[in-house]
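According to our numbering, the residues represented by the sequence shown are 135 to 1076, in order. All C-beta atoms in this analysis are idealised placements derived from N, C-alpha and C, irrespective of residue type, glycine included. These numbers were taken from a predicted model, which means no experiment stands behind them.
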Amino acid sequence: MKTLAKVCIALLPFTVVAQQPTSAEKIQDALQQKEALTKNSTVKNISFKSIGPTVMSGRVVDIDVNPNDPTEFYVGYASGGVWHTNNNGTTFTPILDNSPTQNVGDIAVDWKNGTIWVGTGENNSSRSSYAGIGILKSTDKGKTWANVGLPDSHHIGRILINPKNPDEVIVGSIGHLYSSNNERGVFKTSDGGKTWTKTLFIDENTGIIDIQPVPNNFNILYAAAWERERKAWNFDGDGKNSAIYKSTDAGNTWTKISDNNGFPNGDGVGRIGLAVYDENTVYAFHDSQFRRKKDSTKKAKGPGALTKEELATISADELLNMKDKKLNSYIKMNGLQEKYRAENIKQIIRSSPGEMRPSDLVGYLKDANAALFDTPVIGAEVFKTINGGKTWKKTHEGYLDDLYYSYGYYFGEVRVDPQDENGIYVLGVPILKSKDGGKTFTSISKENVHADHQALWVNPKKQGHLIDGNDGGLNISYDDGESWIKLNQPAVGQFYTVYADNQEVYKVYGGLQDNGVWVGNHNAKIDKSWHQTGQNPYESLMGGDGMQVAVDDRNPNIVYTGYQFGNYYRIDRATGKQTYIQPKPEKDKPAYRFNWQTPIQLSKHNQDILYLGGNKLHRSLNQGSDWEEISGDLTKGEKEGNVAYGTLTTISESPFQFGLIYVGSDDGLVQVTKNGGGSWEKISNSLPQNLWVSRVIASKYKKERVYVTLNGYRFDDFTPYVYMSDDYGKTWKNISGNIPTSAVNVIKEDPEKENILYLGTDNGLYVSFNQGETWEAFSNGLPNVAMHDLVIQPKAKHLLVGTHGRSLYKANITSLQEFDNKEAIFSIKNIKKRNSWGSSWSKWLEPYTPSVNIPFYINSDKEVVLEVYSSDDILVNTITTKASKGFNEAVYDVSFSEKGRKKYLKKHKDAEIKEAKNGNYYLPKGKYKVTIGELSQTFEIL
135 MKTLAKVCIA LLPFTVVAQQ PTSAEKIQDA LQQKEALTKN STVKNISFKS
185 IGPTVMSGRV VDIDVNPNDP TEFYVGYASG GVWHTNNNGT TFTPILDNSP
235 TQNVGDIAVD WKNGTIWVGT GENNSSRSSY AGIGILKSTD KGKTWANVGL
285 PDSHHIGRIL INPKNPDEVI VGSIGHLYSS NNERGVFKTS DGGKTWTKTL
335 FIDENTGIID IQPVPNNFNI LYAAAWERER KAWNFDGDGK NSAIYKSTDA
385 GNTWTKISDN NGFPNGDGVG RIGLAVYDEN TVYAFHDSQF RRKKDSTKKA
435 KGPGALTKEE LATISADELL NMKDKKLNSY IKMNGLQEKY RAENIKQIIR
485 SSPGEMRPSD LVGYLKDANA ALFDTPVIGA EVFKTINGGK TWKKTHEGYL
535 DDLYYSYGYY FGEVRVDPQD ENGIYVLGVP ILKSKDGGKT FTSISKENVH
585 ADHQALWVNP KKQGHLIDGN DGGLNISYDD GESWIKLNQP AVGQFYTVYA
635 DNQEVYKVYG GLQDNGVWVG NHNAKIDKSW HQTGQNPYES LMGGDGMQVA
685 VDDRNPNIVY TGYQFGNYYR IDRATGKQTY IQPKPEKDKP AYRFNWQTPI
735 QLSKHNQDIL YLGGNKLHRS LNQGSDWEEI SGDLTKGEKE GNVAYGTLTT
785 ISESPFQFGL IYVGSDDGLV QVTKNGGGSW EKISNSLPQN LWVSRVIASK
835 YKKERVYVTL NGYRFDDFTP YVYMSDDYGK TWKNISGNIP TSAVNVIKED
885 PEKENILYLG TDNGLYVSFN QGETWEAFSN GLPNVAMHDL VIQPKAKHLL
935 VGTHGRSLYK ANITSLQEFD NKEAIFSIKN IKKRNSWGSS WSKWLEPYTP
985 SVNIPFYINS DKEVVLEVYS SDDILVNTIT TKASKGFNEA VYDVSFSEKG
1035 RKKYLKKHKD AEIKEAKNGN YYLPKGKYKV TIGELSQTFE IL
């Protein structure tokens, strides 16, 4: 593995130094700061509602099952927390929501005492594997949590509890993802987490991805070390320090057992997963990054796979007519799945019709991508020892193709049936099982099971009973994978983006990690009724990794969206037609580079005009049918590596002027054009350098104003970088204020109040009422999850939040927009009178209870009395509630008090006020006034 030198850049005029990993001490201070900020926040009572979706779920990392009752288990989601079920997955309850993070690497449960351990920080090493804050422990089944150490570990591979001594716990730490550090290796506590001892350390770039005990003998442990290094432009997931270790004294000391004894050694050793049957029999699942022998490639791939030789001889037409699946398999096998998809390659051929052959692509894609046509890596392979690691032998002949492709770092899990030494399961894109000790395999992936498998529980008492965790949630099988039940009840989608159209009953759109693009009504009912109707309230628009969405304001059926690397489409939802619209370079020009999350924007000045950012900015005047470059390369250029880099990440056109456009790149550049791309000016020289520009926003209130957020996540730098300029970016003001340390993903202006800003970080959502001088933290209904994207639906006055781990949330922000720095009762939504109030169609159902929300603001914590008056000043009801300083909300069921009803009937003798079936008397149609002291507001029952 190559070790890249850390770069420190002095910045002027700012004293901030970018690209330095944030210290564990600073992160711990930030968590305490956020807790205090939340406690004192004036917006802590603004309620957020989860609006799903749930159907596609999200990435599972671990499953822990009650050994005495397999219908009870805990599930850890990569960035969605830990969830508990005691009814076999019929329902789940989140138990990590009151902790400082939702990022999970592994979980372990002491089922006798109810103690739960959570290793925070995902154990995969993908582009969105969020760091953790150490080891969390709960002794009350998840009601409360304590951080018991290892705060600088960032990513946890495995946690093991000694079944005979629950205070003795072993932890495998992978360490930082984007930087070197020392808090990685094997750690042990013998006092329940009060103190820790590092018992195995290899080096600052090598951590422990897996540890497995011998059943019924915790003294014998096997551990897998993994050397890895990720940068924004490259991932190196192998190295000579990747190896297998063994302990015979419960993890106190370790011996390497994979040197020169049949297991691979050297720089090509990748991630390793372990499964232990007994003290002598162990399976190792290895992601080999060694290259295949050239003469074996064609034979190994089989007749249906694309080979280098075939690529050199086929015509351009044959390549264009080739199924995307076949070409994508070749791309994945050769290590460029983080830079290209089949459509990108085909677009390059289309750009020079009649001139370019598939064999010419090597030079066209430059030397940095030559691996696309080299001999592929070996990939997944299974080894076995039957003598406790003295020797290892590969269990199968040939290659396990189409299991890992070239990104085995994303998988690495293997299981052995506790009742069958020869029954093993290996997890990759599909899930495979073997009943002959790994000699042969069959797939047990089925039509209702998502690809990309991350966790598997094998029932030690009942063969064939499996619980599988994948990128699309959970599945259970009782027949060894022949059929599966899907358990996607939790809202744990990993959204990259969220969008709202302008319809009266508006629709919400969003793109998710590995789960495509979905759309649904904002008020969709999120429950299980769709199992009866057969129609989920959310509809899938696109597969792959779902990306940005734009909808034509004139026609909501015209939707622009796509998947990773700029593969965008114009969809006519009325006809179902999808038109591929990615720009293609002119003949003999270099290929464009596209970010994983390629940005698009529809011009507010003309909805036929669409912008799309590659390494250059492209503009279409006819809905993406044709494109023109309106810039040169707006990045620092391509950087050698296997991840797309040197690309635009954000676009914003000013609502004041057509052609006043800002762009930001993944390598830290912010640039502006005032003449539609005729000329460009770099405006980021005085900002922290080389950081991902997560957002640039042209203000709707002042033509010269622009906001920029920078994100240092890809350097393990979690500093909140937030800036505002009132002179087109000539000078910048730091407006990060009191935001606790956490990387920033998004900033939005309020559409009605100039001074209000909203901001999302990797663990929180904030609002400022003074243009960033100070910030308040939202928390009511929101866990501490990554807030990836924000959108405001201006007519409905709804703030919509796309989280990367807990799907979508919605809040009404009317009260924030009406706030004028003084006590007030804000607008109350009118309600329509219905005969169903207080009743139900069946005596076995709960009666329907109407309600109106009464939002208000007070200057101190106190008990508040709200009085409700009829239009002729009769006091019809009184509500007493405890309120805190800031924004509050009282819920009123629009009923009479007994005293109020008598007063009302005394004056309105002819009024017909009937008792509802629930015993309440509800207000008749009319106008009503709500008061708090001298404050008042009205609403109407229609």
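Legend entry - Stretch pair the segment 370-381 + the segment 283-293: three plus CB contacts closer than 8 Å: no
Inset, instruction - Work out the CA separation of LYS569 and SER759 for me, nearest whole Å. - result: Numbered from 1 along the sequence shown, position 625 holds the residue referred to as residue 759. Numbered from 1 along the sequence shown, position 435 holds the residue referred to as residue 569. Going from the Cα of SER759 to the Cα of LYS569 covers about 53 Å.
Inset, instruction - Look at the alpha carbon of ASN229 and the alpha carbon of VAL243, and state the distance between them as a whole number of angstroms. - result: If you number the sequence shown from 1, residue 229 lands on position 95. If you number the sequence shown from 1, residue 243 lands on position 109. Residue 229 is actually Ile in this sequence, not Asn. Those two C-alpha atoms are separated by around 13 Å.
Legend entry - GLN1071 versus TYR1056, LEU1000, LYS1041 and LYS1036, residue with shortest Cα-Cα distance: On the sequence shown, position 937 is the one that residue 1071 refers to. The candidate whose alpha carbon is nearest that of GLN1071 is LEU1000.
Legend entry - Segments of 3+ residues assigned as beta strand (DSSP E) that fall wholly inside the segment 503-542: 511-519
Legend entry - Limits of the unbroken beta strand (DSSP E) element including GLU673: Along the sequence shown, read from residue 1 onward, the residue named residue 673 stands at position 539. Here the beta strand (DSSP E) through GLU673 covers 672-676.
Legend entry - Assigned exposure category for ILE619 - 16 Cβ within 10 Å defines buried: Mapped onto the sequence shown, residue 619 falls at position 485. Under this definition ILE619 is an exposed residue.
Inset, instruction - Express the C-alpha separation of TYR697 and HIS665 in angstroms, rounding to a whole number. - result: As a first step, residue 665 is located in the sequence shown; it is residue number 531 there, counting from the start. As a first step, residue 697 is located in the sequence shown; it is residue number 563 there, counting from the start. Distance between the alpha carbons of HIS665 and TYR697: 28 Å.
Legend entry - Whole alpha helix (DSSP H) elements within the segment 958-1041, 4-residue minimum: 1032-1041
Inset, instruction - Identify whether LEU165 lies in helix, strand or coil by the three-state DSSP scheme. - result: Taking the first residue of the sequence shown as 1, we reach residue 165 at position 31. Reduced to three states, the DSSP call for LEU165 is helix.
Legend entry - Cβ neighbour criterion (16 or more within 10 Å) applied to GLY248: Within the sequence shown, residue 248 is the residue found at index 114, counting from 1. GLY248 comes out exposed.
Inset, instruction - Excluding the 5 residues preceding and the 5 following LYS136 in the sequence, name in chain order all residues of the same chain whose CB lies nearer than 8 Å to its CB. - result: As a working note, residue 136 is residue 2 in the sequence shown. With a pLDDT of 41 at LYS136, under the threshold of 50, the modelled position of that residue is not reliable, and no figure is offered here.
Legend entry - Simplified DSSP assignment, three categories, for ARG829: Position 695 of the sequence shown, counted from the start, is the residue given in the question as residue 829. Looking at ARG829 - three-state DSSP - the assignment turns out to be strand.
Inset, instruction - Grab me the residues of PHE790's own chain with a C-beta within less than 6 Å of its C-beta, minus the 5 sequence neighbours each way, in chain order. - result: Numbered from 1 along the sequence shown, position 656 holds the residue referred to as residue 790. Excluding positions up to five away in sequence, the list reads LYS837.
Legend entry - For LYS567, the residue or residues it bridges with in DSSP: Along the sequence shown, one-based indexing puts residue 567 at 433. Bridge partners of LYS567: TYR559 and THR576.
Inset, instruction - Report the residue ranges of all beta strand (DSSP E) runs contained in full by the segment 240-301; include only those spanning at least 3 residues, in chain order. - result: 249-254, 269-272 and 290-296
Inset, instruction - Would you be able to state if there are at least three C-beta pairs under 8 Å between the segment 608-618 and the segment 893-912? - result: no
Inset, instruction - With a threshold of 16 other CB atoms inside 10 Å of the CB of GLY1060, please say whether the residue is buried or exposed. - result: Here residue 1060 corresponds to residue number 926 of the sequence shown, with the count starting at 1. With fewer than 16 other Cβ atoms within 10 Å, it is exposed.
Legend entry - Expected contact under 8 Å - CB spacing of ILE267 and ILE161 to nearest Å: Locating residue 267 in the sequence shown gives position 133, counting from the first residue. Locating residue 161 in the sequence shown gives position 27, counting from the first residue. The pair is a contact, with the Cβ atoms about 6 Å apart (cut-off 8 Å).
Legend entry - Beta-bridge pairing of THR219 - partner residues as DSSP gives them: Counted from its first residue, the sequence shown places residue 219 at position 85. DSSP, once it has assigned bridges, lists PHE207 as partnering THR219.
Inset, instruction - Counting only the same chain and skipping the five closest in sequence on each side, list residues whose C-beta sits under 6 Å from that of THR389. - result: Along the sequence shown, read from residue 1 onward, the residue named residue 389 stands at position 255. Cβ neighbours of THR389 beyond the five flanking positions: LYS380.
Legend entry - Sheet register partners of TYR1056 (DSSP bridge): In the sequence shown, the residue the question calls residue 1056 occupies position 922. Answer is SER1029.
Inset, instruction - Please name the residue in GLY513, ILE520, PRO724 and ARG704 whose C-alpha comes closest to that of ASP535. - result: One-based indexing of the sequence shown puts residue 535 at position 401. Nearest C-alpha to ASP535: GLY513.
Legend entry - Close-in-space but distant-in-sequence residues of the same chain around LEU621 (CB under 6 Å, 5 per side omitted): The sequence position of residue 621 within the sequence shown is 487, counting from 1. The answer, listed in chain order, is GLY223 and LEU608.
Legend entry - Rounded straight-line distance, which links the Cα of ASP551 to that of PRO594: By 1-based counting over the sequence shown, the position of residue 594 is 460. By 1-based counting over the sequence shown, the position of residue 551 is 417. Approximately 7 Å between the Cα atoms of the pair.
Legend entry - Start and end residues, beta strand (DSSP E) containing ALA589: Here residue 589 refers to the residue found at position 455 of the sequence shown. Element bounds for ALA589: 587-592.
Legend entry - Buried versus exposed, by CB contacts within 10 Å (16 or more), ALA585: Residue mapping note: residue 585 aligns to position 451 of the sequence shown, counting from 1. Answer is exposed; the Cβ neighbour count stays below 16.
Inset, instruction - Could you tell me the distance, in whole angstroms, from the CA atom of SER184 to the CA atom of TYR943? - result: Translated into the one-based positions of the sequence shown, residue 184 becomes position 50. Translated into the one-based positions of the sequence shown, residue 943 becomes position 809. Spanning the two alpha carbons is a distance of roughly 4 Å.
Legend entry - Segment limits, beta strand (DSSP E) that includes LEU916: Counting from one through the sequence shown, the residue named residue 916 turns up at place 782. LEU916 -> no beta strand (DSSP E), and no H or E assigned at all.
Legend entry - Residue(s) in a DSSP beta bridge with ARG704: Locating residue 704 in the sequence shown gives position 570, where the first residue counts as 1. BP columns for ARG704 point to TYR694 and THR713.
Inset, instruction - Check HIS665 in the structure and name its three-state DSSP category. - result: Taking the first residue of the sequence shown as 1, we reach residue 665 at position 531. In this structure, HIS665 counts as helix in the three-state DSSP scheme.
Inset, instruction - Could you please give the first and the last residue of the uninterrupted beta strand (DSSP E) stretch that includes GLN735? - result: Stepping through the sequence shown from its first residue, residue 735 is reached at position 601. That run of the beta strand (DSSP E) goes 734-736.
Legend entry - beta strand (DSSP E) segment containing LEU844, residue limits: Here residue 844 corresponds to residue number 710 of the sequence shown, with the count starting at 1. 840-845 is the extent of the beta strand (DSSP E) around LEU844.
Legend entry - Three-state secondary structure assigned by DSSP to LEU934: Mapped onto the sequence shown, residue 934 falls at position 800. Residue state, collapsed to three classes: strand.
Legend entry - Collapsed DSSP secondary structure at TYR464 in the structure displayed: Here residue 464 is taken as the residue at index 330 of the sequence shown, counted from 1. It is helical.
Legend entry - Proximity of ILE705 and GLN716 at Cβ, strictly below 8 Å: As a first step, residue 705 is located in the sequence shown; it is residue number 571 there, counting from the start. As a first step, residue 716 is located in the sequence shown; it is residue number 582 there, counting from the start. Contact flag unset, no.
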